[in-house]
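What follows is a set of notes on a single structure, which appears directly below.
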Amino acid sequence: MLPPAPALAQAYPAKPVRLIVPFAPAGITDILARLLAQKLGDEWGETVLVENRAGAGGNIGVQMVAKSPADGYTVLVTTSSIAVNMTLSAIPGYDVDRDFIPVVNAAHSPNMIITNPSGPPTLRAAIEDARASGILYGSAGAGTTPHLTAEYLFKTLAGLKTTHVPYKGAAPAVNAAVAGEVPLASVAMPTAVSFIKSGKLRGLAVTSRHRVAALPDVPTVEEAGFPGFEDLTWVGVFVPAGTPAAIVGKLNADINRFLAQPDSRERLASLAFEPVGGTSAQFGAYLKSEVAKWARVVRETGAKIE
957 MLPPAPALAQ AYPAKPVRLI VPFAPAGITD ILARLLAQKL GDEWGETVLV
1007 ENRAGAGGNI GVQMVAKSPA DGYTVLVTTS SIAVNMTLSA IPGYDVDRDF
1057 IPVVNAAHSP NMIITNPSGP PTLRAAIEDA RASGILYGSA GAGTTPHLTA
1107 EYLFKTLAGL KTTHVPYKGA APAVNAAVAG EVPLASVAMP TAVSFIKSGK
1157 LRGLAVTSRH RVAALPDVPT VEEAGFPGFE DLTWVGVFVP AGTPAAIVGK
1207 LNADINRFLA QPDSRERLAS LAFEPVGGTS AQFGAYLKSE VAKWARVVRE
1257 TGAKIE
């Protein structure tokens, strides 16, 4: 028998907590998960570990958490891809409504189109150069929002033939662009900021409606001639269905407290994250709208998992 809810929340956590990131290290999800792990570990006086379980556009790690005990000690930190893959994957191996409780939408960030410094000088130039033979680009993986963002931009709006190279996370995609393995990459912005500031990459465009303070010289997709274009990648926290409400509530409250702290907000802003926060119910409602939105984008682009 479980103890009463207040006692359960007070006792949690009583052992190490694992944050499962379904992508490779150094990507947008990994960056935020490690910030969370440090802050929550300090507050709880307990070890909080980040484990990377990459593969299948995030599905491998998501499936693992879906099958884990619903006790609050295995927590999923993932991106919008959990909503995308409900439609994009023929058999995602999970149902986001059935298998998970949304804890909190932690933060979001624009995606961006990047290139090696020897690549095209602008997004418009990249598109015009690709008119004849099509456009080749890399992303963090099939089913990630940068993948779908690029398909929608290049195929649906620009009318180009696209060839997508999926990597096992944003960091490998960024490294591929640095090395010139792919001429372009579509990635979540936090993974590329330091490379652009150091001159190893050029940012062609961000997918927010306004330029981002972390990289004010990088124009928006809208500025490249696509009015109203906006897309954000969010990073949310989930636990397996059946996790006690008291534990969900404690996780939500403690993560919201982290997001409200001035030093946390400053650190997130420097990485091009914008804190979101809110209740579990608010995140659940937003998640439903995201599943519907990305189902429409998948239909319009004809995107498939390679």
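Per the numbering used here, the very first residue in the sequence shown carries number 957; after that it's consecutive. Note that CB positions come from ideal geometry on N, CA and C, so glycine has one too.
Beta-bridge analysis with DSSP links residue 1214 to no other residue. If the five residues before and after residue 995 are omitted, its C-beta is found closer than 6 Å to the C-beta atoms of 1214, all from its own chain and listed in chain order. Residue 1227 sits in coil when the DSSP states are folded into three classes, being neither helix nor strand. Where residue 1016 is concerned, the enclosing alpha helix (DSSP H) starts and stops at 1015-1022. In the structure shown, the three-state DSSP call for residue 1007 is strand. The three-state reading of DSSP puts residue 1056 in strand, counting E and B together. The C-beta distance from residue 1095 to residue 1170 rounds to 20 Å, too long to meet the 8 Å contact threshold. With respect to residue 1066, residue 1162 sits close: the two C-beta atoms are nearer than 8 Å. Under the rule that a run must span 4 or more residues, the alpha helix (DSSP H) segments found entirely inside the region 1056-1128 read 1079-1085, 1101-1107. In the three-state DSSP reduction, residue 1176 falls in the strand class (E or B). With contacts defined as CB atoms closer than 8 Å, residue 974 and residue 1029 qualify as a contacting pair. For residue 1016, the CB contacts under 8 Å within the same chain, skipping 5 residues up- and downstream, are 978, 1009, 1010 in chain order. Residue 1159 sits away from residue 1177, with the two beta carbons spaced by 8 Å or more. Secondary-structure assignment with DSSP links residue 1236 through no beta bridge to anything. By the C-beta density criterion, residue 1055 is buried, having at least 16 other C-beta atoms within 10 angstroms.
Assignment of beta-bridge partners to residue 1192 by DSSP yields 1034, 1061.
Per DSSP, residue 1150 is one residue of the alpha helix (DSSP H) stretching across 1149-1153. By the beta-carbon neighbour count (other beta carbons within 10 angstroms, threshold 16), residue 1003 is exposed.
Inter-residue distance for residue 1238 and residue 1150 is about 32 Å (C-alpha atoms, whole angstroms).
For residue 993, the uninterrupted alpha helix (DSSP H) run begins and ends at 984-1000, by DSSP. Here the alpha carbons of residue 1138 and residue 1077 stand approximately 15 Å from one another. With respect to residue 1093, residue 1081 sits apart: the two C-beta atoms are not nearer than 8 Å.
In the three-state reduction of the DSSP assignment, residue 1162 falls in the strand class. DSSP places residue 975 in the uninterrupted beta strand (DSSP E) bounded by 973-977. Annotation: residue 1135 to residue 1143 spans about 15 Å, alpha carbon to alpha carbon. DSSP places residue 1140 in the strand class (E or B) of the three-state scheme. When rounded, the separation of the alpha-carbon atoms in residue 1260 and residue 1000 is 42 Å. One thing to note: residue 976 has its Cβ within 8 Å of the Cβ of residue 1033. DSSP places residue 1048 in the coil class of the three-state scheme, outside both helix and strand. Rounded to the nearest whole angstrom, the C-alpha separation of residue 1021 and residue 1074 is 41 Å. The beta-carbon distance between residue 1062 and residue 1192, rounded to whole angstroms, is 6 Å. This is short enough to meet the 8 Å contact definition. When DSSP states are grouped into helix, strand and coil, residue 1257 belongs to the helix group.
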